[in-house]
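Going left to right, the sequence shown walks through residues 502 to 703 as our numbering numbers them. Just so it is clear, CB atoms sit at the ideal spot from N, CA and C, and this is done for glycine as well. Worksheet: one structure, shown below.
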Amino acid sequence: MSEPIASPAVSSTVGIKNVVLAALTEDTEATLSYDALQLLAGAIDVQIAPQNAEPDVQYFDDTEGSVVYPDPEIKVTMEQADIPLLLQEKILGNTIDENGVLIRRASDSPPYFALGFKSEKSDGSYRYVWLYKGRATPLTEQYHTKEGKTVTRQTGKIEWTFIKRTHDGEYQALADDGQNGFSPAKAATFLQSVYQPVYAAP
């Protein structure tokens with residue numbers, strides 16, 4: 502009996518920083534392009550959760566014969582210290598008028614974005630993440646009164662739905678420092694533009 506393959510290094514994530522957005526300007530079978538990156542300050546939490554992970558199981562010959570998974574649909578909830586109006590204008594398709602007032606219309610349509618960030622791990626290394634194509638939903642806002650000397654701090658939350666790209670069917674990219682050939686040089690540029698995979702020639 503052969504020995505089991507050694508486990509990769511294990512280290513839990515303990516932080517989040519360098520959150521960036523890039524508008525998806527074109528996504529067709531022939532063409533893929535993104536706009537310049539926008540840095541988001543004040544990141545507190547990012548939760549990534551598949552929404553349609555239940556498989557379709559086909560039975561034949563009195564047993565489970567085939568399993569098919571639906572196309573990915575990923576819900577991402579991002580908690581920020583604040584969501585400035587300029588950012589809301591950008592991600593929700595709203596408009597800031599000449600007096601600096603954010604105006605929301607029923608016809609506003611949020612554009613698609615890529616979302617990237619890195620998360621520190623308990624051993625001091627980082628995990629790097631890109632989600633390729635997502636739209637934000639209108640924000641849930643909450644305001645709370647001061648209660649004497651007690652202040653209840655309110656934060657902003659953005660909910661996104663990410664799907665696969667039309668261009669190549671890809672929807673997420675992840676990398677860990679020093680793993681699988683992911684070098685410091687690659688880590689240094691990973692969040693400088695939306696990462697595009699490099700595959701070995703067949």
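Can you list, in chain order, the residues of its chain with a C-beta nearer than 6 Å to that of residue 559? Leave out the 5 residues immediately preceding and following it.
Answer for residue 559: 566 and 567, listed in chain order.
Please give me, in chain order, every unbroken run of the alpha helix (DSSP H) with length at least 4 that falls completely inside the segment 610-641.
none
In the structure shown, what three-state DSSP assignment does residue 655 receive?
coil
Where do the N-terminal and C-terminal ends of the alpha helix (DSSP H) with residue 701 fall, by residue?
Taken as a continuous stretch (DSSP letters only), residue 701 belongs to no alpha helix (DSSP H), as it is neither H nor E.
Endpoints, beta strand (DSSP E) assigned at residue 591:
Element bounds for residue 591: not the beta strand (DSSP E) but the alpha helix (DSSP H), 586-593.
Can you list, in chain order, the residues of its chain whose CB lies under 7 Å from that of residue 678, leaving out five sequence neighbours each side?
626, 627 and 688
In this structure, how does DSSP classify residue 596 when only helix, strand and coil are distinguished?
The answer is strand: DSSP assigns residue 596 an E or B state.
Taking only three categories from DSSP, how would you classify residue 685?
helix
Between the segment 584-600 and the segment 664-675, do three or more beta carbon pairs fall short of 8 Å?
no
Alpha carbon of residue 595 to alpha carbon of residue 587, nearest angstrom:
Counting only the Cα atoms, residue 587 lies some 9 Å from residue 595.
Range of the contiguous beta strand (DSSP E) that encloses residue 540
533-541
Is residue 684 buried or exposed, if buried means 16 or more other CB atoms sit within 10 Å of its CB?
A residue is called buried when at least 16 other Cβ atoms come within 10 angstroms of its Cβ; residue 684 does not meet this threshold and is exposed.
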